[in-house]
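Undergrad: Pasting a structure here, questions to come.
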Amino acid sequence: MTNDALLTDPQVPRFDSRMSEAEGLMWRMEKDPFLASTFGNVTVLDRPINYSLFRERMQRATIAVPRLRQRVRPTPAALGAPRWVDDPEFNIDYHVRRMSLPTPGTQRQLLDLATLIINDPFERTRPLWQFVVVDGLAGGGGALIIKLHHTVADGEGGVMLSLQFIDLERNAPLPPPLPVTPLAEPTLPADEPADLLRSSMTDALRVPLGLLKQVREVLSEPTRLPGVATQLNDSVRGLLNQMGEVDPARSPLWTKRSLQRRLETVRVPYRELIDASRALGGKLNTAFVAAVADAAGAYHRECGAPVESLRTSIAISTRTESSGSNAFSLAKLLVPTGEMPIVERFAAVNEALVQAREGAKTASLDTLATLSANLPTSVLTRIARTQSQSIDFATSNVRSGGVPLYIAGGLIVENFPIGPLGGVAFNATLLSYNGSLDIGIHIDTAAVAEPELLRDRIERSLNQLIYAAPRPSTASAAEATTSKKRWWTRLFG
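According to the working numbering, the sequence shown holds residues 15 to 507 in order.
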């Protein structure tokens, strides 16, 4: 597949001028800084990125993907979802920057820099993205720190957006230029304010009034959720059953929350872990969640506070060909963390995940967003904080490239995702790339006092799972490889 074909890939997300209900929900919740939805990546390359070339590619990307030149405009009286409008002050150099690490340029310095950049709040009057090219790494390597707001794209949407600047060869030819469309002024014609207000009112009235009144009363007092879930129709029963989980998080150690962050990383081989998960009757996500649960249990025991179970949230992709920039649902589940063989833990987590996926079908983020669109932001953030306080940690799994990829002349050698915390103790996100599984562990250091211990236990648990699983037969391994090739054929041709 050529680079030109990559850049016109039909899987690039669809972008609307109006935020979806889910995106509007995430935008409003950020009134509470603990609920920020910014995420990103730390991409390590074998040599420094050609900054001028990368800047040129990103300039083109902002033409191909108009969302990158747009900012958010709230609706009148906060009715309905905000709109995306062109930013007449858009300047590529505000969003694509360059920095150098001080000597000696260690990975720890890079991760600490990425943590600062990712957790620095966006200026809400500008487009919600930032890429920082980093040089000065030990050994002559380079890096790219990617920072995106969740309203711009989710994890998989971000991977698709990256097709605009990723190459399949080191010295790839530049793609053809695109015609530049002048940015529209965000001023409104005389009759548009009324149209905007009318559209916002329509958004607000899309939910039947009787149902809206009942849901509003219930959501305003989260402790009433369990008692009324059976009185509502199927469209919201699953959602309220999920939200009815208002018990506090289970960990006796991870009780504090702060805005202090640390990023740790783990890398394990893709083929070995996916073979292990299949041999045990599950999927890669099962292996990942089981290993993180195993590590969390070990952490608690080593710190003298054993715990039998913890509650995790997991992001479940709902992406289809017609999906917009965000397409996912969140599910909560209890995972066993007491002492047990890791194979038994895998089986228990696999069963819990099957149930969680079924529940997520009726408890989608869009359903929550639609029903909460007319709640005051203060009530909405209180509900979200209540929910986050019932969760110990978060997990997510994002698919990326299965072949070597390049950015402006540099070969990607590692690609660590950074998921949003949203009020939990840590977020562990897995990203598959070119035969490896790169895991970013985004940690609230007020909750997890020993981040390195947590990192080491996650790595150990993943390797234990690999070695504990039966070895796959040659036939099943060949079938898995063929399936993998089909996946990459769909993405890269």
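Think of the CB as a built atom: it goes at the ideal place given N, C-alpha and C, for glycine as much as any other residue. Please read all numbers here as calculations on a predicted model, not as lab measurements.
With a cut-off of 8 Å, do at least 3 Cβ pairs link the segment 350 to 362 to the segment 301 to 318?
TA: Judged by Cβ distances under 8 Å, the segment 350 to 362 makes contact with the segment 301 to 318, as three or more pairs qualify.
Undergrad: So I180 is in the alpha helix (DSSP H); what residue range does that whole segment cover?
TA: Taking the sequence shown and counting its residues from 1, one reaches residue 180 at position 166. No alpha helix (DSSP H) holds I180; DSSP gives it neither H nor E.
Undergrad: Return the chain-ordered list of same chain residues with a C-beta closer than 8 Å to the C-beta of N185, the five sequence neighbours on each side being excluded.
TA: Counting from one through the sequence shown, the residue named residue 185 turns up at place 171. For N185, where only same-chain residues beyond five positions count, the Cβ hits under 8 Å are G423.
Undergrad: So, does the segment 158 to 165 touch the segment 130 to 142, judging by three or more C-beta pairs under 8 Å?
TA: Short answer: they touch.
Undergrad: Y447: buried (16+ other C-beta within 10 angstroms of its C-beta) or exposed?
TA: Translated into positions along the sequence shown, residue 447 becomes position 433. By the neighbour-count rule (16 or more Cβ atoms within 10 Å), Y447 is buried.
Undergrad: Rounded to whole angstroms, what is the Cα-Cα separation between V147 and T129?
TA: Looking up residue 147 in the sequence shown gives position 133. Looking up residue 129 in the sequence shown gives position 115. Distance between the alpha carbons of V147 and T129: 15 Å.
Undergrad: Would the beta-carbon of V173 fall within 9 Å of that of S410?
TA: What you label residue 173 is simply residue 159 of the sequence shown in a count that begins at 1. What you label residue 410 is simply residue 396 of the sequence shown in a count that begins at 1. Cβ atoms of V173 and S410: not closer than 9 Å.
Undergrad: Tell me the start and end of each unbroken beta strand (DSSP E) in the segment 110 to 188 that is at least 3 residues and wholly inside, in chain order.
TA: For the segment 110 to 188, whole beta strand (DSSP E) runs of length 3 or above, ordered along the chain, are 110 to 114, 143 to 149, 156 to 163.
Undergrad: With DSSP as the reference, please indicate the residues paired to P283 in a beta bridge.
TA: Here residue 283 is taken as the residue at index 269 of the sequence shown, counted from 1. S450, per the DSSP bridge assignment.
Undergrad: Look at the alpha carbon of I77 and the alpha carbon of T165, and state the distance between them as a whole number of angstroms.
TA: Numbered from 1 along the sequence shown, position 63 holds the residue referred to as residue 77. Numbered from 1 along the sequence shown, position 151 holds the residue referred to as residue 165. Near 19 Å, if we compare the C-alpha coordinates of T165 and I77.
Undergrad: Roughly how many angstroms lie between the CA atoms of R97 and T89, to the nearest whole one?
TA: Looking up residue 97 in the sequence shown gives position 83. Looking up residue 89 in the sequence shown gives position 75. Cα-Cα distance, rounded: 7 Å.
Undergrad: With N429 as the anchor, note down where its beta strand (DSSP E) starts and where it stops.
TA: Working through the sequence shown from its first residue, we reach residue 429 at position 415. Here the beta strand (DSSP E) through N429 covers 424 to 432.
Undergrad: On the DSSP bridge assignment, give the partners of R85 in chain order.
TA: Reading the sequence shown from its first residue, position 71 is the one you call residue 85. V99.
Undergrad: Return the Cβ separation of A157 and V280 in integer angstroms, given the expectation that the two are a contact with Cβ distance under 8 Å.
TA: Here residue 157 corresponds to residue number 143 of the sequence shown, with the count starting at 1. Here residue 280 corresponds to residue number 266 of the sequence shown, with the count starting at 1. About 18 Å separates the two Cβ atoms, so there is no contact after all.
Undergrad: Between which two residues does the alpha helix (DSSP H) containing S66 stretch?
TA: Taking the sequence shown and counting its residues from 1, one reaches residue 66 at position 52. Element bounds for S66: 65 to 78.
Undergrad: Between which two residues does the alpha helix (DSSP H) carrying G311 extend?
TA: For the purposes of this step, residue 311 is taken as residue 297 along the sequence shown, with counting starting at 1. Unbroken alpha helix (DSSP H) run through G311: 298 to 316.
Undergrad: Suppose the cutoff is 7 Å on Cβ atoms and the five residues either side in sequence are ignored; what does the same chain contact list for R83 look like?
TA: Taking the sequence shown and counting its residues from 1, the one referred to as residue 83 is at position 69. These residues qualify, in order along the chain: T76, D100, D101, F104, P141, L197.
Undergrad: Answer yes or no: does any C-beta atom of chain C fall closer than 9 Å to that of L435?
TA: No chain C appears in the structure shown, which is made up of a single protein chain.
Undergrad: At the level of alpha carbons, what is the spacing between V282 and D30?
TA: Along the sequence shown, one-based indexing puts residue 282 at 268. Along the sequence shown, one-based indexing puts residue 30 at 16. Whole-angstrom Cα-Cα distance: 38 Å.
Undergrad: Could you check if R485 is buried or exposed, using at least 16 other CB atoms within 10 Å of its CB as the buried criterion?
TA: Locating residue 485 in the sequence shown gives position 471, where the first residue counts as 1. Per the 10 Å Cβ criterion, exposed.
Undergrad: Enumerate in chain order the residues of its own chain whose CB-to-CB distance from R42 is below 7 Å, with the five nearest sequence positions on each side excluded.
TA: As a first step, residue 42 must be located in the sequence shown, where it is residue number 28. The answer, listed in chain order, is T391, L394.
Undergrad: Name the residue from A263, G154, I180 whose alpha carbon lies nearest to the alpha carbon of Y420.
TA: Locating residue 420 in the sequence shown gives position 406, counting from the first residue. Checked all of A263, G154, I180; the closest Cα to Y420 is I180.
Undergrad: If I'm right that G155 touches D60 with Cβ under 8 Å, what's the distance once you round it to whole angstroms?
TA: One-based indexing of the sequence shown puts residue 155 at position 141. One-based indexing of the sequence shown puts residue 60 at position 46. At roughly 6 Å, the Cβ-Cβ gap stays under 8 Å, so G155 and D60 are in contact.
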